[in-house]
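Going letter by letter, the sequence shown gives residues 354 to 541 in this note's numbering.
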Amino acid sequence: MRRGSSYRHHAAKNSRGILIIKWADLQTSVIVLQIKEKLSSVKTAISCCNLVFCSVYTPTCKPNQRDMFGVAREEVVNITCEVDSDPQDVTFRWTLNNSVENTELHNFESSGAMSVLTYIPRTPMDYGAVQCLGRNSVGEQKEPCVVRIIPAVVTESDIAQKIESEMTPVCSWKWKCAVHEDEQGLIE
């Protein structure tokens, strides 16, 4: 900005965390503003209309994500957590709250504003609320994304179908047949 020019400015954040900075050059109405804050995604803002919008905010959960999984013990489930964030360079933290304790979870991969946790419940204490929390250069997410992990419901017909599918006939060249159960021997 030129020396000797007269400038007015106003800065405020709206409820969504959008920083609104208004500068008016009383002589030319052309603005070149260098923003030197911790905001890595916003380095230089240029405006010819004396209003500059810097839309930066902490992560929030994207809507319409799956929020419940019915999972059997020893079953692998991949849980996706997507956040709305600006800047989109987000680091994630995952925890399990099973009403007795909070446990940090570490088996996840992240890219940008998305993270995928690979989770395997092994005991009854491995069921509960899995929480995903994002952080960007503006700050940490206020409310975590929550996914409930509940035991899968298994019916008698499910069990019967599984047993039937694991039993395959084994026949010799003499036409003697037996039913083979996975790794458990032959039943004639």
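Even for Gly, the Cβ is constructed at its ideal location relative to N, Cα and C.
Neighbour-count burial assignment, residue i, 16 or more Cβ in a 10 Å radius
{"i": "N455", "result": "exposed"}
{"i": "N489", "result": "buried"}
{"i": "E435", "result": "buried"}
{"i": "P416", "result": "exposed"}
C-beta atoms of residue i and residue j nearer than 8 Å
{"i": "V500", "j": "D420", "result": "yes"}
{"i": "T476", "j": "N431", "result": "no"}
{"i": "P474", "j": "V424", "result": "yes"}
{"i": "T433", "j": "M467", "result": "yes"}
{"i": "T448", "j": "Q484", "result": "yes"}
Element boundaries [beta strand (DSSP E), containing residue i]
{"i": "V430", "result": "V430 to D439"}
{"i": "V469", "result": "M467 to Y472"}
{"i": "S464", "result": "F461 to S464"}
{"i": "V483", "result": "G481 to R488"}
{"i": "T448", "result": "T444 to N450"}
{"i": "G423", "result": "M421 to V424"}
{"i": "N417", "result": "Looking at the DSSP string, N417 is not in any beta strand (DSSP E), and its letter there is neither H nor E."}
As assigned by DSSP and simplified to three states, the class of residue i
{"i": "P497", "result": "coil"}
{"i": "P412", "result": "strand"}
{"i": "D535", "result": "Note that D535 scores 48 on pLDDT, short of 50, meaning its location in the model is unreliable; the coordinates nonetheless yield the value given after this. D535: coil per DSSP, three-state reduction."}
{"i": "N455", "result": "strand"}
Cα-Cα separation between residue i and residue j, rounded to whole angstroms
{"i": "E462", "j": "V453", "result": "26 Å"}
{"i": "N460", "j": "L486", "result": "14 Å"}
{"i": "W526", "j": "E428", "result": "Only weak support is given to the placement of W526: the predicted model assigns it a pLDDT of 47, under 50, and the value that follows is read from those uncertain coordinates. Answer to the nearest angstrom: the Cα atoms are 39 Å apart."}
{"i": "N450", "j": "V409", "result": "30 Å"}
{"i": "F445", "j": "D437", "result": "13 Å"}
{"i": "I503", "j": "R426", "result": "10 Å"}
{"i": "D442", "j": "G492", "result": "11 Å"}
{"i": "G481", "j": "F422", "result": "10 Å"}
{"i": "K495", "j": "A505", "result": "31 Å"}
{"i": "V330", "j": "L458", "result": "Residue 330 lies beyond the residue range present for the chain, which begins at 354 and ends at 541; the question has no answer from this structure."}
{"i": "C414", "j": "D479", "result": "23 Å"}
{"i": "V464", "j": "C498", "result": "Inspection of the sequence shows that residue 464 is occupied by Ser rather than by Val. Cα to Cα, S464 sits roughly 17 Å from C498."}
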